[in-house]
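S.K.: Residue numbers (my numbering): 1 to 224.
Every residue gets a Cβ at the ideal spot worked out from N, C-alpha and C, and that includes glycine.
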């Protein structure tokens, strides 16, 4: 595992609150990241966090994002849930290869090296295993923690790459249909309550989850 730290790494904390007697029923707030526009690879969003709020209660939950990215060779359980088989921290402007270890026969990432010319804002992973492999971009909150999964790239061909300019645009939906690390297949049925580039926020912000009794719609409102 690479433990290098990018000099421009940042941490953002969103404190999400509910006021007493605001929510008519218990709800779950599902957080995921926006897909990378213009990417040639097939990609799927993944449920990053699920935050549960009880009905009619005052509550506060802190959600923290740290900009330490990593590449993940994921394991898929029941066709949905991702767990990390092997990971490697990666900083913007770096690249790594997924290779097969000669001794163990398992897939491993090489240590990151400087990226290609003109890819100062790109992270790149090339599949050098000789076969088709799944890859993911992960987010590591602490050095020893398993990464949360941001995006999933199924079926990356041999000698093909995932080269991504990852912008942490966080999306939020009030839905109980997902669990953390679940691949999101198809359209999310509930309306979007959050669409926020985390890089543009202050280090700590406060948000209120609200329900409109007239429209029956939920909203996530940033405190002024």
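With 16 as the cutoff for other CB atoms within 10 Å, does residue 73 come out buried or exposed?
M.R.: Under this definition residue 73 is a buried residue.
S.K.: According to the neighbour-count rule (16 or more other Cβ atoms, all chains shown, within 10 Å of its Cβ), is residue 112 buried or exposed?
M.R.: Residue 112 should be labelled buried.
S.K.: Whose C-alpha, out of 182, 92, 62 and 126, is nearest the C-alpha of residue 119?
M.R.: Closest by alpha carbon: 92.
S.K.: Can you name, in chain order, every residue of its own chain whose Cβ lies under 7 Å from the Cβ of residue 198, other than the five neighbours on each side?
M.R.: 12, 65, 168 and 170.
S.K.: Given this structure, state the Cα-to-Cα distance separating residue 190 from residue 102, to the nearest angstrom.
M.R.: Their Cα atoms are separated by approximately 47 Å.
S.K.: To which residues of the same chain is residue 223 closer than 6 Å at the C-beta, ignoring the five residues directly before and after it?
M.R.: The residues are 206.
S.K.: DSSP has residue 194 in a bridge; who is on the other side?
M.R.: Partner(s): 172.
S.K.: Out of 155, 9, 132 and 219, point me to the one whose CA is closest to residue 70's CA.
M.R.: Selected option, being the one with the closest Cα: 9.
S.K.: Determine the contact status of residue 41 and residue 166, defining contact as a CB-CB distance below 8 Å.
M.R.: In this structure, residue 166 does not lie closer than 8 Å to residue 41 by Cβ.
S.K.: Nearest-angstrom Cα distance between residue 164 and residue 121?
M.R.: Residue 164 and residue 121: Cα-Cα distance of roughly 8 Å.
S.K.: How far does the beta strand (DSSP E) with residue 161 in it extend, from its first residue to its last?
M.R.: From DSSP, the beta strand (DSSP E) with residue 161 extends over 161-164.
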